[in-house]
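Accompanying notes for the structure given below.
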Amino acid sequence: MAKTKAVRDQYAALRTRISEWLSPRELKKIDEAFAFAERVHAGERRASGESYLRHPVEVANILASIRPDAATVMAAILHDTLEEKPYDVRHIKRAFGDEVATLVEGVTKLDRIQLNETSSWFSIPLLHRRTKERLGHERHVESLRKMLLAMTKDIRVILIKLADRLDNMRTLAPLRPDKRRRIAQDTLELYAPIANRLGMGEWRGELQDLAFPYVYPQEHAALQERVARFLPRYEVAVNQAKQILADEFAKVGIKAEIHGRVKHLYSLWLKLQRYDNDLERIYDLIALRVIVNDDTACYHALGIVHKLWKPLFGRIKDYISLPKPNGYQSLHTTVFGPSGHILEVQIRSRPMHAWSDQGIAAHWLYSGAKEQGSDKRRSVVVSRNELGWLDEIRKWQQSLSNVTDLKATLKTDFFSDRIFCFTPAGDIVDLPAGSTPIDFAYQIHTTVGDRCIGATADNKNISLTAALKNGQIVEIRTSDKQHPRRDWLSVVKTEKARSRIRTHFTNGH
Ligand code: MN
Numbered sequence: 340m341a342k343t344k345a346v347r348d349q350y351a352a353l354r355t356r357i358s359e360w361l362s363p364r365e366l367k368k369i370d371e372a373f374a375f376a377e378r379v380h381a382g383e384r385r386a387s388g389e390s391y392l393r394h395p396v397e398v399a400n401i402l403a404s405i406r407p408d409a410a411t412v413m414a415a416i417l418h419d420t421l422e423e424k425p426y427d428v429r430h431i432k433r434a435f436g437d438e439v440a441t442l443v444e445g446v447t448k449l450d451r452i453q454l455n456e457t458s459s460w461f462s463i464p465l466l467h468r469r470t471k472e473r474l475g476h477e478r479h480v481e482s483l484r485k486m487l488l489a490m491t492k493d494i495r496v497i498l499i500k501l502a503d504r505l506d507n508m509r510t511l512a513p514l515r516p517d518k519r520r521r522i523a524q525d526t527l528e529l530y531a532p533i534a535n536r537l538g539m540g541e542w543r544g545e546l547q548d549l550a551f552p553y554v555y556p557q558e559h560a561a562l563q564e565r566v567a568r569f570l571p572r573y574e575v576a577v578n579q580a581k582q583i584l585a586d587e588f589a590k591v592g593i594k595a596e597i598h599g600r601v602k603h604l605y606s607l608w609l610k611l612q613r614y615d616n617d618l619e620r621i622y623d624l625i626a627l628r629v630i631v632n633d634d635t636a637c638y639h640a641l642g643i644v645h646k647l648w649k650p651l652f653g654r655i656k657d658y659i660s661l662p663k664p665n666g667y668q669s670l671h672t673t674v675f676g677p678s679g680h681i682l683e684v685q686i687r688s689r690p691m692h693a694w695s696d697q698g699i700a701a702h703w704l705y706s707g708a709k710e711q712g713s714d715k716r717r718s719v720v721v722s723r724n725e726l727g728w729l730d731e732i733r734k735w736q737q738s739l740s741n742v743t744d745l746k747a748t749l750k751t752d753f754f755s756d757r758i759f760c761f762t763p764a765g766d767i768v769d770l771p772a773g774s775t776p777i778d779f780a781y782q783i784h785t786t787v788g789d790r791c792i793g794a795t796a797d798n799k800n801i802s803l804t805a806a807l808k809n810g811q812i813v814e815i816r817t818s819d820k821q822h823p824r825r826d827w828l829s830v831v832k833t834e835k836a837r838s839r840i841r842t843h844f845t846n847g848h
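My numbering puts the sequence shown at residues 340 to 848.
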């Protein structure tokens, strides 16, 4: 009973927090979701022995930092209820409506995508040795990340999933070592990169730092010790610089907040690998963050910094006019600081700061805040020549700046024009929407395409001209007697299939 009370208190605290921006009517619906989850998870415990309900309530609480809407809070509280036996999505639909049901279903579906476990229907084909050899681990992981985003019709599903992952990582200790390792590995390879793609630096950093000791225990311990020895010296210099800067800004009338932020351990580790493992060459172990009101003040502040301390040649980066692909904006400079210590200073406006911590969610947070005028909406301008699929996210980010209906924006498909199907061996075949088994066959090999006579999707026979669906496992039957047919030209969607069929006929067949 004591445990039940603890969760009720936890829920009450959450409720107070979200009542800042949600209406009493919405809170009432959320209470109902809590009561429902309480019934579903009754008596259930996590590996740590605590009441299961603590977890979904905490997931909602983690999300509270990005000011979610009521449907997201409800879906967070309900996100694991479909794992319990008598309950299915119809219960949720009936009690809480389609929107919440769709979110919960989306989160549940994502749970099936894992890198290393063989119990889920996704990873069985994906783990096939031939696949791994052919695709290489990196491409395999990249495909999974793509698919994870592709399967998500609503960005809120990803946000809930990331919060879920955060709480799971924070409470990983009681699990079996092999299980911990697997979950941590998935976190590093799947979830942290997705948080990064979405510009959510704060969550990405925490996910990586939580996973680091489970995946690379020795490296983690060694680095932690090194940093602990190194940091105090560094801290003195940073604090000194901070004071000098604050005084100087006050003199010229720049309003600024200045923080010293210790670099996340995992990203430090990655960086060290590029710098001969030499800690002395890492100048942003503690970066000085200067947060000012607007873009102009950023450049003004940079001028002041350079007047105080000489910058290192080639280390001034203007991510305001040239943002990083995930939308990150700031001015970075590295200077010879007080008493010769080399320091990195990062200067950004308040909206840029929110973006660097919370990414896509920051926009949500900003538009959600009623006191913010529309001029506070920032557009994210991003450079072009990046990985193709990032374009989708980028377009989406750009559209954020002028879309008024936030709900419609949140539901934007990342990859509405692409589908992902599997070969029986687990290769992912990336196709334009509307593609047929003929396209699929040509994608595998021209001879497979030329000779295809039939297909199955998830073990059911389908027509060669049927439109394939996301996630289907497609098998092609071939015959030596088959040849490309002219009428295929009118159904295929890929350029590869079309040109191959044409070639066949222009070669005189
Ligand atoms: Mn969960």
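Ideal Cβ placement from N, Cα and C applies to all residues, glycine included. The model shown is predicted, which means the values in this text are computed figures rather than measured ones.
*Enumerate in chain order the residues of its own chain whose CB-to-CB distance from Leu770 is below 8 Å, with the five nearest sequence positions on each side excluded.*
Numbered from its first residue, the sequence shown carries residue 770 at position 431. Cβ within range, chain order: Arg757, Ile758, Phe759, Cys760, Asp778, Phe779, Gln782, Leu807, Lys832, Thr833.
_Test item: CB-CB of Ala415 and Val439 under 8 Å_ = To locate residue 415, count along the sequence shown from 1; it is residue 76. To locate residue 439, count along the sequence shown from 1; it is residue 100. In this structure, Val439 does not lie closer than 8 Å to Ala415 by Cβ.
_Between His598 and the ligand MN, is there a pair consisting of the residue's CB and a ligand heavy atom that are separated by less than 7 Å?_
The sequence position of residue 598 within the sequence shown is 259, counting from 1. No, the beta carbon of His598 sits no closer than 7 Å to any heavy atom of the ligand MN.
_Beta carbon nearer than 6 Å to a non-hydrogen atom of the ligand MN_ = His394, His418, Asp419, Asp503
*Given Ile593, which residues of its chain have a CB within under 8 Å of its CB, disregarding the five upstream and five downstream residues?*
Taking the sequence shown and counting its residues from 1, one reaches residue 593 at position 254. Hits under 8 Å: Val631, Ala636, His639, Ala640, Ile643.
_Where Pro662 falls, given that 16 or more other Cβ within 10 Å makes a residue buried_ = Along the sequence shown, one-based indexing puts residue 662 at 323. Buried, by the Cβ-count rule.
_For Ile685: DSSP bridge partner residues_ = What you label residue 685 is simply residue 346 of the sequence shown in a count that begins at 1. First, the amino acid is wrong: residue 685 is Gln here, not Ile. According to DSSP, Gln685 bridges with Arg628, His671.
*Distance, Cα to Cα, His430 vs Thr420?*
Start at 1 with the first residue of the sequence shown, and residue 430 comes out as number 91. Start at 1 with the first residue of the sequence shown, and residue 420 comes out as number 81. C-alpha separation (whole angstroms): 10 Å.
_Exposure of His418, with buried meaning 16 or more beta-carbon neighbours within 10 Å_ = Sequence index remark: in the sequence shown, residue 418 carries index 79 (1-based). Buried, since its Cβ has 16 or more Cβ neighbours within 10 Å.
*On the three-pair Cβ rule with 8 Å, is the region 597 to 612 touching the region 559 to 569?*
yes
*asked:* Using only the alpha-carbon positions, how far apart do Thr672 and Ala626 sit?
replied: Locating residue 672 in the sequence shown gives position 333, counting from the first residue. Locating residue 626 in the sequence shown gives position 287, counting from the first residue. So the alpha carbons of these two residues sit roughly 10 Å apart.
*Terminal residues of the continuous beta strand (DSSP E) containing Lys663?*
The sequence position of residue 663 within the sequence shown is 324, counting from 1. That residue, Lys663, is in no beta strand (DSSP E); it is neither H nor E in DSSP.
_Is it buried or exposed, Arg723, if we count other Cβ atoms within 10 angstroms and call 16 or more buried?_
Taking the sequence shown and counting its residues from 1, the one referred to as residue 723 is at position 384. In this prediction, Arg723 has a pLDDT of 26, which is less than 50 and means its spatial position is unreliable; what the coordinates show is noted afterwards. So Arg723 counts as exposed.
*Return the chain-ordered list of same chain residues with a C-beta closer than 6 Å to the C-beta of Gln685, the five sequence neighbours on each side being excluded.*
As a first step, residue 685 is located in the sequence shown; it is residue number 346 there, counting from the start. Answer for Gln685: Ala626, Arg628, Ser669, His671, listed in chain order.
*Thinking C-beta only, is Asp696 closer than 8 Å to Glu541?*
As a position in the sequence shown, residue 541 is number 202, starting the count at 1. As a position in the sequence shown, residue 696 is number 357, starting the count at 1. Cβ atoms of Glu541 and Asp696: closer than 8 Å.
*Figure out for me which residue from Asp450, Thr411, Ile597 has the closest Cα to the Cα of Glu422.*
Numbered from 1 along the sequence shown, position 83 holds the residue referred to as residue 422. Of the listed residues, the one whose Cα sits closest to Glu422 is Asp450.
*Contacting residues, own chain, Cβ-Cβ under 8 Å from Asp548 (five flanking each side not counted)*: Position 209 of the sequence shown, counted from the start, is the residue given in the question as residue 548. Excluding sequence neighbours, Asp548 sits near His603, Leu604, Tyr605.
*Nearest-angstrom Cα separation, counted from His692 out to Ile659*: Taking the sequence shown and counting its residues from 1, the one referred to as residue 659 is at position 320. Taking the sequence shown and counting its residues from 1, the one referred to as residue 692 is at position 353. Near 12 Å, if we compare the C-alpha coordinates of His692 and Ile659.
*According to DSSP, what are the bridge partners of Asp769?*
Locating residue 769 in the sequence shown gives position 430, counting from the first residue. The partner list for Asp769 (beta bridge, DSSP) reads Phe759.
*Roughly how many whole angstroms lie between the Cα atoms of Ile494 and Pro395?*
Along the sequence shown, read from residue 1 onward, the residue named residue 494 stands at position 155. Along the sequence shown, read from residue 1 onward, the residue named residue 395 stands at position 56. Answer to the nearest angstrom: the Cα atoms are 19 Å apart.
*Answer yes or no: do Gly538 and Gly666 have a C-beta to C-beta separation smaller than 8 Å?*
In the sequence shown, the residue the question calls residue 538 occupies position 199. In the sequence shown, the residue the question calls residue 666 occupies position 327. For Gly538 and Gly666, yes; Cβs fall inside 8 Å.
*Skipping 5 residues on each side, what residues in its chain have a beta carbon closer than 7 Å to that of Pro650?*
As a working note, residue 650 is residue 311 in the sequence shown. Closer than 7 Å at the Cβ level, and outside the excluded window around Pro650, lie Thr672, Thr673, Val674.
*DSSP three-state call for Val601: helix, strand or coil?*
Indexing the sequence shown from 1 puts residue 601 at position 262. Strand, per DSSP.
*asked:* Starting from Glu541, trace the beta strand (DSSP E) in both directions and tell me its first and last residue.
replied: To locate residue 541, count along the sequence shown from 1; it is residue 202. Unbroken run through Glu541 is the alpha helix (DSSP H), 540 to 554; no beta strand (DSSP E).
*Ile801 and Pro823 look like a contact to me (Cβ under 8 Å); what is the Cβ gap, rounded to whole Å?*
Residue 801 sits at position 462 when you count from the first residue of the sequence shown. Residue 823 sits at position 484 when you count from the first residue of the sequence shown. No, Ile801 and Pro823 are not in contact; Cβ-Cβ is about 19 Å, not under 8 Å.
*Bridge-paired residues (DSSP) for Asn800*: Locating residue 800 in the sequence shown gives position 461, counting from the first residue. Answer is Thr795, bridged to Asn800.
*Where does Val787 fall in DSSP's three states?*
Working through the sequence shown from its first residue, we reach residue 787 at position 448. DSSP places Val787 in helix when its eight states are reduced to three.
_Distance between beta carbons of Val496 and Gly436, contact taken as under 8 Å_ = Your numbering for residue 436 matches position 97 in the sequence shown. Your numbering for residue 496 matches position 157 in the sequence shown. That belief does not hold up - the Cβ atoms of Gly436 and Val496 are roughly 16 Å apart, past 8 Å.
*How is the alpha helix (DSSP H) around Thr411 delimited, first residue to last?*
Looking up residue 411 in the sequence shown gives position 72. Segment 409 to 417, the alpha helix (DSSP H) holding Thr411.
*Which residue from Thr775, Ser829, Asp427 puts its Cα closest to that of Leu803?*
Residue numbering aside, residue 803 sits at position 464 when the sequence shown is read from its first letter. Among Thr775, Ser829, Asp427, the Cα nearest to that of Leu803 is on Thr775.
_Straight-line Cα distance separating Ile621 from Arg613_ = As a working note, residue 613 is residue 274 in the sequence shown. As a working note, residue 621 is residue 282 in the sequence shown. For Arg613 and Ile621, the distance between alpha carbons rounds to 10 Å.
*Taking the DSSP output, what are the residues bridged to Glu814?*
Position 475 of the sequence shown, counted from the first residue, corresponds to residue 814. The partner list for Glu814 (beta bridge, DSSP) reads Thr795.
*Cα separation between Arg356 and Arg520?*
Start at 1 with the first residue of the sequence shown, and residue 356 comes out as number 17. Start at 1 with the first residue of the sequence shown, and residue 520 comes out as number 181. Cα to Cα, Arg356 sits roughly 34 Å from Arg520.
*Looking at C-alpha atoms only, which residue of Asp657, Arg572, Lys610, Lys646 is the closest neighbour of His680?*
For the purposes of this step, residue 680 is identified with residue 341 of the sequence shown, where counting begins at 1. The shortest Cα separation from His680 among Asp657, Arg572, Lys610, Lys646 belongs to Arg572.
*Give the C-beta separation of Ile815 and Ala794 to the nearest angstrom, bearing in mind that I take them to be a contact with Cβ-Cβ under 8 Å.*
Your numbering for residue 815 matches position 476 in the sequence shown. Your numbering for residue 794 matches position 455 in the sequence shown. Confirmed, about 5 Å.
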